[in-house]
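Q:
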Amino acid sequence: MVVLDTNVLLNLYRSNERTRRDTLAVLSKLRDRLWVPHQVLTEFWRNRESKSVRHHHSTKAKETSTALDRARRSAQDAVERWVKDVRLKDGEEVTERIDEGLKALAEALDGLRDTIDGQSQRDALAGTAETHTDPVLTELEPLLQGRIGDPLSPADHDKAVQEAQERAAEETPPGYEDFKNKPPEQAAGDYLLWVELLTEAKNRACDVLLVTGDVKKDWWHTRDGDIPARPRAELIVELREHAGTRLYMLTPAELLTRAEELLEGLQVDKDSVNDLEQLRGADRAEEAPEVGWTEESLGYFIRELRSRYQAQAKVIINAAANGGFVDRATVYELAGYPGDRQLKGFTRPVSTVARELEDQGVLTGEEPFLLHTIYGSLSEPSWATGFRIPDEAVPLLRESFEGGPLWPESQKDGPESDGEGPKGEDHDGGQ
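Each step along the sequence shown adds one to the number in our numbering, with nothing skipped, and position 414 is 458.
1) Please report the distance separating the alpha-carbon of Ala329 from that of Thr429.
2) Quick check on Trp126: does DSSP put it in helix, strand or coil?
3) Using the rule of at least 16 other Cβ atoms within 10 Å of the residue's Cβ for burial, across every protein chain shown, is Glu136 buried or exposed?
4) With burial defined as no fewer than 16 other Cβ atoms inside 10 Å of the residue's Cβ, what is the status of Ser193: buried or exposed?
5) So, at 7 angstroms on beta carbons, what are the nonlocal neighbours of Pro272 in its own chain, with the 5 sequence-adjacent residues on each side left out?
6) Under 8 angstroms, do Leu184 and Val255 count as touching if we go by C-beta distance?
7) Excluding the five sequence neighbours on either side, which residues of its own chain have a C-beta within less than 6 angstroms of the C-beta of Lys128, listed in chain order?
8) Look at the alpha carbon of Arg64 and the alpha carbon of Tyr57, and state the distance between them as a whole number of angstroms.
9) Given a cut-off of 8 angstroms, decide if Pro412 and Gly336 are closer than it, judged by their beta-carbon atoms.
10) Could you pull out every unbroken alpha helix (DSSP H) segment of at least 4 residues lying fully inside the segment 65-140, listed in chain order?
11) Report the CB separation of Leu378 from Val359 in whole angstroms; it is logged as a contact under 8 angstroms.
12) Please state the DSSP three-state secondary structure of Tyr235.
13) Would you call the CB atoms of Val312 and Asp66 closer than 8 angstroms?
14) Terminal residues of the continuous beta strand (DSSP E) containing Tyr292?
15) CB Leu112 to CB Leu156, shorter than 8 angstroms?
16) Would the segment 89-106 count as touching the segment 192-209 if we require 3 or more Cβ pairs under 8 angstroms?
17) Taking the runs of the alpha helix (DSSP H) that are 4 residues or longer, which of them lie wholly in the segment 273-314?
18) Which residue's Cα is closest to the Cα of Ile160: Glu107, Thr175, Leu132?
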């Protein structure tokens, strides 16, 4: 079976049209062998909205434009300092030539920005803002229908997270590198994937090809001279002992290279392989801890959200009380929705408030999106199982709201609330 890691799916957003088309063509050829762990599905929905994924092209264009602006200011400042240091006067021939040169430089940089922005718009996918119009989901749905694993039971999940921590302490692969800079629940993601893979390989009694853009040393032995990179020996042994089968691993770029050699009637553009190689360094960016929220900016945001969209504010605070996640049933209860109401568009008010506060200068625009929809499957993206907030927002929200009127009663410790919200805010009457 061919097992896809999260980065293989997320790369479809970050790739250009040619690379996306070639990757989907290869996956289509492998369709009957594909299998996706449920942990991959969870990470896919959690990270799809990050700037390094769905907004990859616009984010990179913005970063480049910002660098060009810095270069223009730096060049202008340097020239102006030189003019001042050598005591040149306005109106001299040399100063006129300098002014013309700076003007030409500005025009050239503006032209570069226009070119970069235009290419970004051509590479970016239209329709990804809504799941029902997202072309990546449209392509993945038939490919992965019936090929996604079941989630671990709560007991097995908790056990696996504990095992991941114990293995990390001994640097037993996979995933121990993530425990160096991530909270345990998120750091355990690689091991949760591995546990599901071991079970599925044993059930099918077949060899495994894992396709992953994660090139850290807790998955791979690095290239040594003429010997190519290969899976860690511990992983090979563990799969053989658990399932009696063999483990192979390829990066997405290697998959495209081998696919053209082995799959009949398939042609892959070499530039697509090169593009995936270039993306490899960013393949783990979607799992890096996001930064940006502060207690002050988050408090301002929640106050603004509560004044206009109380249901969304309650859900965010409830998620903080529950370790970052709130399930579908709780959302209906908090919002007072009838059972036949859909949750489509539930996060839109969060986007609206964030955009308005960014325009006002209250937010920087670097804050991670505050409320992500978690879907039950790729084939039924309209069915939300719940919502998740960024990990770093949990302690900030706890600091401000724990014990207050919006904090879930089941999570309150000590005496009952005195009816005041964070920073002495009045109770808004909602439960």
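Cβ coordinates follow ideal geometry from the N, Cα and C atoms, glycine included.
A: This is what the structure holds:
1) Locating residue 329 in the sequence shown gives position 285, where the first residue counts as 1. Locating residue 429 in the sequence shown gives position 385, where the first residue counts as 1. For Ala329, the predicted model reports a pLDDT of 45, less than 50, meaning its position is unreliable; a value from the coordinates is still stated below. Between Ala329 and Thr429, the C-alpha separation is close to 25 angstroms.
2) As a working note, residue 126 is residue 82 in the sequence shown. Here Trp126 sits in helix by DSSP.
3) If you number the sequence shown from 1, residue 136 lands on position 92. Answer is exposed; the Cβ neighbour count stays below 16.
4) Here residue 193 refers to the residue found at position 149 of the sequence shown. Residue identity check: residue 193 is Gly in the sequence provided, not Ser. So Gly193 ends up on the buried side.
5) Sequence index remark: in the sequence shown, residue 272 carries index 228 (1-based). Excluding sequence neighbours, Pro272 sits near nothing in its chain.
6) Taking the first residue of the sequence shown as position 1, residue 184 is located at position 140. Taking the first residue of the sequence shown as position 1, residue 255 is located at position 211. Not a contact, by the Cβ cut-off of 8 angstroms.
7) The residue labelled residue 128 in the question sits at position 84 within the sequence shown. Taken in chain order, the list of residues that qualify is empty.
8) Translated into the one-based positions of the sequence shown, residue 64 becomes position 20. Translated into the one-based positions of the sequence shown, residue 57 becomes position 13. Between Arg64 and Tyr57, the C-alpha separation is close to 8 angstroms.
9) Start at 1 with the first residue of the sequence shown, and residue 336 comes out as number 292. Start at 1 with the first residue of the sequence shown, and residue 412 comes out as number 368. Cβ atoms of Gly336 and Pro412: closer than 8 angstroms.
10) 82-91, 100-129
11) By 1-based counting over the sequence shown, the position of residue 378 is 334. By 1-based counting over the sequence shown, the position of residue 359 is 315. That belief holds up - the Cβ atoms of Leu378 and Val359 are roughly 6 angstroms apart, short of 8 angstroms.
12) On the sequence shown, position 191 is the one that residue 235 refers to. Tyr235: helix per DSSP, three-state reduction.
13) In the sequence shown, residue 312 corresponds to position 268, counting from 1. In the sequence shown, residue 66 corresponds to position 22, counting from 1. A contact, by the Cβ cut-off of 8 angstroms.
14) On the sequence shown, residue 292 is found 248 positions in, with the first residue counted as 1. Its beta strand (DSSP E) spans residues 291-294.
15) In the sequence shown, counting from the first residue as 1, residue 112 sits at position 68. In the sequence shown, counting from the first residue as 1, residue 156 sits at position 112. Yes, the pair counts as a contact, with Cβ atoms nearer than the cut-off.
16) no
17) 277-287, 296-306
18) Here the question's residue 160 lines up with position 116 in the sequence shown. For the residues Glu107, Thr175, Leu132, the minimum Cα distance to Ile160 belongs to Glu107.
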